[in-house]
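Student:
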Amino acid sequence: MSELRFIVDENVGKLAKWLRMMGFDSLFFNGEDDSQMVRQAMAEDRILLTRDTGIMKRRVVTSGRLKAVLMESEEPEQQMRQLVSAIDVKSQSNPFTICLECNMALIDRKPEEVKDRVPPYVHKTQTQYMECPECHRIYWRGTHWKAMLNKLHRIVGG
Numbered sequence: 149m150s151e152l153r154f155i156v157d158e159n160v161g162k163l164a165k166w167l168r169m170m171g172f173d174s175l176f177f178n179g180e181d182d183s184q185m186v187r188q189a190m191a192e193d194r195i196l197l198t199r200d201t202g203i204m205k206r207r208v209v210t211s212g213r214l215k216a217v218l219m220e221s222e223e224p225e226q227q228m229r230q231l232v233s234a235i236d237v238k239s240q241s242n243p244f245t246i247c248l249e250c251n252m253a254l255i256d257r258k259p260e261e262v263k264d265r266v267p268p269y270v271h272k273t274q275t276q277y278m279e280c281p282e283c284h285r286i287y288w289r290g291t292h293w294k295a296m297l298n299k300l301h302r303i304v305g306g
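Our numbering puts the first residue of the sequence shown at 149, with every later residue one more than the last.
1. Go ahead and pull the three-state DSSP assignment for SER233.
2. Alpha carbon to alpha carbon, how far is ALA253 from PRO224?
3. Let's see if you can read the secondary structure: which residues bound the beta strand (DSSP E) around ARG174?
4. Could you give the first and the last residue of the continuous beta strand (DSSP E) run that contains GLU151?
5. Verify whether the separation of the beta carbon atoms of ARG229 and ILE303 is less than 8 angstroms.
6. Helix, strand or coil: how does DSSP classify GLU282 here?
7. If you follow the beta strand (DSSP E) that ILE255 is part of, which residue opens it and which one closes it?
8. What separation, rounded to the nearest whole angstrom, lies between the Cα atoms of ILE255 and GLN276?
9. According to DSSP, THR198 sits in a beta bridge with which residue or residues?
10. To which residues of the same chain is ARG194 closer than 6 angstroms at the C-beta, ignoring the five residues directly before and after it?
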């Protein structure tokens, strides 16, 4: 897991999944209280990502105590490109090490440990598996993984 940690507000919520895909601890904040989100970002040393210009005007942001990035685009792919320019996310990424749903670090699993939890064809063709300790979702490096990796490379550069 990378040392960069993010909190993403509901205006850029899809970005959380992209950041998780790259291996970044990324919380999706869907509460209505921006002050609570700012407090959580400060307490957990997270970079706040938003499209809300009001948050960017807060003293805690303008003074530099809280790092925040105002996302210019509504499109997650453009937002990722902006982050590559604004923050060194590319060199610190560790793709596919975080659960896309739960934001938990994935754990390596042996093929025999997941045999009854993956399709038979997958078990015959794959040797590396990872599991989320929270939701127990199983991940492997199949065609879907390759397609996501190619998309990441296309967006942030490889």
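We put the CB at the ideal spot given by N, CA and C, even for glycine.
Tutor: The short version:
1. DSSP places SER233 in helix when its eight states are reduced to three.
2. 22 angstroms
3. For clarity, residue 174 is Ser in the given sequence; the question names Arg instead. Where SER174 is concerned, the enclosing beta strand (DSSP E) stretches over 173-177.
4. GLU151 -> no beta strand (DSSP E), and no H or E assigned at all.
5. yes
6. Reduced to three states, the DSSP call for GLU282 is coil.
7. 255-257
8. Here the alpha carbon of ILE255 sits roughly 11 angstroms from the alpha carbon of GLN276.
9. Residue pairing by DSSP places THR198 opposite LEU218 in a beta bridge.
10. ARG153, PHE154 and ILE155
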